[in-house]
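Okay, so the sequence shown: first residue is 1 according to the UniProt record's numbering, each after it adds one.
We treat Cβ as the ideally placed atom computed from N, Cα and C, and that holds for glycine.
Please read all numbers here as calculations on a predicted model, not as lab measurements.
A short worksheet on the structure shown next.
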Amino acid sequence: MSPETDTAEIEALVRVFFEAFTSGPELPTRMARLRSILLPEAVVIRTCGLDPVVSTVEGFIAPREALLSGGTLVDFKEWSLSGRVDRFGDIAHWFGAYAKSGRQDGAAFTGQGMKSLQFIRTPDGWRISAAAWDDERDGLAILELPGVG
């Protein structure tokens, strides 16, 4: 494949990843799509200024699916603000800024942070092998980064 085709496929997977985290109709379909783009052995890590939480694919998806369908988190969505793809052969990395908004228990909120998604090329196409993120908080803000901000 050409580098442009690889980058386009990876960017499409990034969109699927973020679109999965949307409350409302079609949640089961979005979660199924998310599962399909992650390697079954993928590792997902949340930092956010706390002790890192390392999850399996199901350990990551199941609680989020329950939260997004439970009725206490509504009008929720996440989206990419900007990012870049670096690729060499059959490995790639997307690093970028993202934002989120919603209403939790009736209170509106917003936030943003940075996500790192690692990809490998499989016989079925590119798949996410790892994901990690950190969110803005007191003392940590997204700065303009080359190719990101």
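Residues in the same chain with beta-carbon distance under 7 angstroms from residue i, minus the five sequence neighbours each way, listed in chain order, please.
i, result
"residue 40", "57"
Taking residue i as part of the beta strand (DSSP E), name the residues at either end of that continuous run.
i, result
"residue 160", "Residue 160 lies beyond the range of the chain shown here (1 to 149); nothing can be said about it."
"residue 36", "Taken as a continuous stretch (DSSP letters only), residue 36 belongs to no beta strand (DSSP E), being part of the alpha helix (DSSP H) at 27 to 37."
"residue 111", "107 to 122"
"residue 86", "73 to 88"
"residue 99", "91 to 104"
Tell me which residue opens and which closes the alpha helix (DSSP H) that residue i is part of.
i, result
"residue 61", "57 to 69"
Please look up how many angstroms separate the CB atoms of residue i and residue j, rounded, as I've assumed it's under 8 angstroms.
i, j, result
"residue 162", "residue 13", "Nothing can be reported for residue 162, as the shown portion of the chain is limited to 1 through 149."
"residue 131", "residue 44", "5 angstroms"
"residue 17", "residue 117", "7 angstroms"
"residue 102", "residue 76", "3 angstroms"
"residue 114", "residue 138", "With a Cβ gap of about 16 angstroms, residue 114 and residue 138 do not count as contacting."
"residue 68", "residue 104", "About 11 angstroms separates the two Cβ atoms, so there is no contact after all."
"residue 30", "residue 19", "6 angstroms"
From the DSSP output, read off the bridge partner residues of residue i.
i, result
"residue 130", "43 and 118"
"residue 14", "According to DSSP, which records beta bridges pairwise, residue 14 is partnered with nothing at all."
"residue 135", "113"
"residue 140", "137"
"residue 125", "122"
Of all Cβ atoms in chain D, is any one closer than 7 angstroms to the Cβ of residue i?
i, result
"residue 20", "Among the chains in the structure shown there is no chain D, since it carries only a single protein chain."
Within its chain, find whatever has a CB closer than 8 angstroms to the CB of residue i; leave out the 5 residues flanking it on each side and keep chain order.
i, result
"residue 10", "85, 87, 92, 94, 119 and 126"
"residue 54", "43, 44 and 45"
"residue 124", "none"
"residue 90", "120 and 121"
"residue 27", "65, 68 and 69"
Might you give, ordered along the chain, the residues of its own chain that have their beta carbon closer than 6 angstroms to the beta carbon of residue i, omitting 5 neighbours on each side?
i, result
"residue 6", "87"
"residue 38", "57 and 128"
"residue 47", "134"
"residue 110", "101"
Query raised in the report: Quick check: the stretch 77 to 94 against the stretch 47 to 62, are there 3 or more CB pairs under 8 angstroms?
Result: no
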